[in-house]
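>
Number of protein chains: 2
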Amino acid sequence: MTRQKKPVIFVVGLGPGNPGEITPRALEALRRCDLVVGYSVYIDLVRAILPDKEMRAFPMMHELDRCRHAVETALSGVTVGIVSSGDPGVYGMAGVLLELVHDMRAEVEVEVVAGITACCSAAARIGAPLGHDFAVVSLSDLLTPWEAIEKRLRLAAEADFVICLYNPASKKRRGHLRRACEAVAAHRSPDTPSAWVRMAGREDEEYRVLPLGELANAELDMFCTVFIGNSTTRSWGDRMVTPRGYDLPGAENE
Amino acid sequence: MTRQKKPVIFVVGLGPGNPGEITPRALEALRRCDLVVGYSVYIDLVRAILPDKEMRAFPMMHELDRCRHAVETALSGVTVGIVSSGDPGVYGMAGVLLELVHDMRAEVEVEVVAGITACCSAAARIGAPLGHDFAVVSLSDLLTPWEAIEKRLRLAAEADFVICLYNPASKKRRGHLRRACEAVAAHRSPDTPSAWVRMAGREDEEYRVLPLGELANAELDMFCTVFIGNSTTRSWGDRMVTPRGYDLPGAENE
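One line per chain: the protein sequences are A and B, in this order. In terms of numbering that gives the first Met the number 0, the first sequence opens at residue 0 and continues consecutively. In terms of numbering that gives the first Met the number 0, the second sequence opens at residue 0 and continues consecutively.
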């Protein structure tokens, strides 16, 4: 008896949203797919690169539907790709899909293909804010109680992590950034170098390096990534850099 | 008077260490360089892709020398690339170089080209451990006092962050992983899903998903990345997944 090969679902990270930052491995995975599903904006990006690929666009907020569709289609013997912006493992589709496949006991292989996540692509635009230990926190309270988010921010600030915020604001969520800044302020001077980066790596990207004391007033949206420095972070002009250590300049690291 | 264009230094992230995970943008930046400098292992990787490129390999532990060499060479009118594995902004060369250029007042442009950092490439191998808020901590105490590292670990555990450890061990540093596990244990059950991934994305990659209670005994080295789950992280077989929220299964996120 030959064992039938299981169908494959690739969960593919597209990076920041420009073709130059999609890895060859991600592209190769998409080429192998018979069908690619994803949120409509990301499907448009794939269409620009692989115009002949069969694709199905889903609206936002329907992750479980997308995953179920992918699993059911794969079970019919088809290779399916699910695309995420950034990295599919960071607040992305990989976890939802893996849980669904496990809970359904679906006989499907899942391969996660990493992409450049927003904290790295956004950081590169302004220098090196993540040069030392950092914490990544989403300000979306759709699935996480705000109290848990605020507690994380307070403790991350106390621990002197550089803090990177995903989803700092959306149409429905105004004021979260201000509350986040207040939670951090107990452990950081208002002069602490901070920054926001919008649409990193895309044509209409924007960014601004500014003191923490001014960050709360920034008008941001869901396309922004925010950085709040640690106690050693420096800034000049449009640059923000967190040194790799606390030692004197001239020290060497591995 | 025409203003002379400033020389450029590209700080380029090579990702996990296989050609399929170097972005086209990184490759294009390297192609534009007259000289590429870096730690010898990464220079070998570039040589495999761009065999005719002029390169200069440096031993480990000489970051400042590498950067000074890059700046001085660039100032003579040459386009220089500095390569890092992973992302150059995460414990990488970008910060050191930017600080040096700033402090030297060198008339040089620096462009940081992001790469896939180890927490993302390693996470993809085992599923989606970083599906929710996470903290990245290096266990190297060459430039950071151990007390500061331990404090971060304790507070990150208290905040219920997924914790990702870079540099969990090296030839000179044995026992750091055990002390890190002890720092976390006050706020995590010994059953907490954890994992280590070695040489993610390379031919000889290895990984293991195991309970936190067994992690301290793992024999790791500097090529490993470690994950310790939060209170909701699940594992089965070789998979480790942190759900995106604390709500019931079936909830939808943006």
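For every residue, glycine included, the Cβ atom is placed at its ideal position computed from N, Cα and C.
Quick check: is the beta carbon of A:Glu-108 nearer than 7 Å to any beta carbon in chain B?
Chain B contact via Cβ: absent.
> Give a yes or no on whether 7 Å exceeds the smallest Cβ distance from A:Ile-227 to chain B.
It does not: the Cβ of A:Ile-227 has no partner Cβ on chain B nearer than 7 Å.
> Within 10 angstroms of its Cβ, does A:Asp-132 collect 16 or more other Cβ (buried), or is it exposed?
The residue in question, A:Asp-132, is buried, as its Cβ has 16 or more Cβ neighbours within 10 Å.
> Please check if any C-beta of chain B sits within less than 7 Å of the C-beta of A:Cys-119.
True, the Cβ-Cβ gap to chain B drops below 7 Å.
> I want to see whether chain B comes within less than 7 Å of A:Gly-80, judged by CB atoms only; does it?
No, A:Gly-80 lies away from the interface with chain B (no Cβ there is under 7 Å from its Cβ).
> According to DSSP, is B:Tyr-41 part of a helix, a strand, or is it coil?
Helix at B:Tyr-41.
> In the DSSP assignment, find the alpha helix (DSSP H) that holds A:Asp-148 and state where it starts and stops.
It is Ile, not Asp, that sits at residue 148 of chain A in the sequence shown. Element bounds for A:Ile-148: 145-157.
> Alpha carbon to alpha carbon, what distance is there between B:Asp-43 and A:Glu-251?
The predicted model places A:Glu-251 with a pLDDT of 41, which falls under 50 and marks its position as unreliable; any figure quoted below should be read in that light. Rounded to the nearest angstrom, the two C-alpha atoms are 23 Å apart.
> Quick check on B:Arg-172 - is its C-beta less than 7 Å from some C-beta in chain A?
B:Arg-172 does not count as touching chain A.
> Would A:Leu-129 and A:Ala-168 be called neighbours here (beta carbons separated by less than 7 Å)?
Not in contact: A:Leu-129 and A:Ala-168 (Cβ atoms no closer than 7 Å).
> Cα separation between A:Cys-223 and A:Ile-148?
For A:Cys-223 and A:Ile-148, the distance between alpha carbons rounds to 18 Å.
> In the stretch 70-103 of chain B, which residues sit with their C-beta less than 8 Å from some C-beta in chain A, listed in chain order?
Residues passing the 8 Å Cβ filter: Asp-86, Pro-87, Gly-88, Val-89, Tyr-90, Gly-91, Ala-93, Gly-94, Val-95, Leu-97, Glu-98, His-101, Asp-102.
> Which chain B residues are close to A:Ser-137, counting only those with a beta carbon under 7 Å from its beta carbon?
Going along chain B in sequence order, the residues near A:Ser-137 (Cβ under 7 Å) are Asp-132.
> Going along the chain, which residues of the stretch 174-193 of chain B sit with their C-beta nearer than 8 Å to a C-beta in chain C?
Included in the structure are the protein chains A and B, with no chain C among them.
> Can you grab the Cα-Cα spacing for the pair B:Leu-99 / A:Ala-28, in whole Å?
B:Leu-99 and A:Ala-28: Cα-Cα distance of roughly 40 Å.
> From this set, A:Met-92, A:Arg-24, A:Tyr-165, A:Leu-49, which residue's C-alpha is nearest A:Phe-57's C-alpha?
Comparing Cα-Cα distances from A:Phe-57 to each of A:Met-92, A:Arg-24, A:Tyr-165, A:Leu-49, the minimum goes to A:Met-92.
> Return no unless some Cβ of chain A is closer than 7 Å to the Cβ of B:Ile-42.
No - not a single Cβ of chain A is within 7 Å of the one on B:Ile-42.
> By DSSP, does A:Ile-115 sit in helix, in strand, or in coil?
Three-state result, A:Ile-115: coil.
> Would you say the stretch 100-107 of chain A touches the stretch 155-169 of chain A, given that touching needs at least three Cβ pairs under 8 Å?
The answer is no - the stretch 155-169 of chain A does not touch the stretch 100-107 of chain A, with fewer than three Cβ pairs under 8 Å.
> For A:Arg-177 and B:Val-196, what's the separation of their Cα atoms in angstroms?
Taking the straight line from one Cα to the other gives about 38 Å.
> Whether or not the stretch 10-29 of chain B and the stretch 207-216 of chain B are in contact is what I'm after, with contact meaning three or more pairs of Cβ atoms, one per stretch, closer than 8 Å; do they touch?
These segments do not touch.
> If you draw a straight line from the C-alpha of A:Phe-160 to the C-alpha of B:Met-198, how long is it?
Rounded to the nearest angstrom, the two C-alpha atoms are 26 Å apart.
> Does B:Pro-23 have its Cβ less than 7 Å from a Cβ in chain A?
So, interface residue.
> Would you verify that the beta carbon of B:Trp-145 is, or is not, closer than 7 Å to some beta carbon of chain A?
No, B:Trp-145 does not count as interfacial toward chain A.
> If you measure between the beta carbons of B:Ala-127 and A:Leu-97, is that distance less than 7 Å?
Yes, the Cβ-Cβ distance between B:Ala-127 and A:Leu-97 is below 7 Å.
> Looking at the secondary structure, which residues open and close the alpha helix (DSSP H) in which A:Cys-66 lies?
Looking at the DSSP string, the run of the alpha helix (DSSP H) that includes A:Cys-66 is 62-74.
> By Cβ distance below 6 Å, which residues in the same chain neighbour A:Ala-121 in space, the five residues on each side in sequence not counted?
Cβ neighbours of A:Ala-121 beyond the five flanking positions: Val-196, Ala-199, Thr-224.
> Taking the Cβ atom as the reference point for each residue, do A:Val-240 and B:Gly-94 lie within a distance shorter than 7 Å?
In contact: A:Val-240 and B:Gly-94 (Cβ atoms closer than 7 Å).
> Rounded to whole angstroms, what's the CA-CA distance from B:Val-89 to A:Leu-142? Just pull it up for me.
Between B:Val-89 and A:Leu-142, the C-alpha separation is close to 28 Å.
> Closer than 7 Å by C-beta to B:Gly-14: which residues in its own chain qualify, once you throw out the five before and the five after it? Chain order, please.
If we look at B:Gly-14 and ignore the five residues flanking it on each side, its Cβ neighbours are Glu-20, Ile-21, Gly-85, Gly-114, Ile-115, Ser-120.
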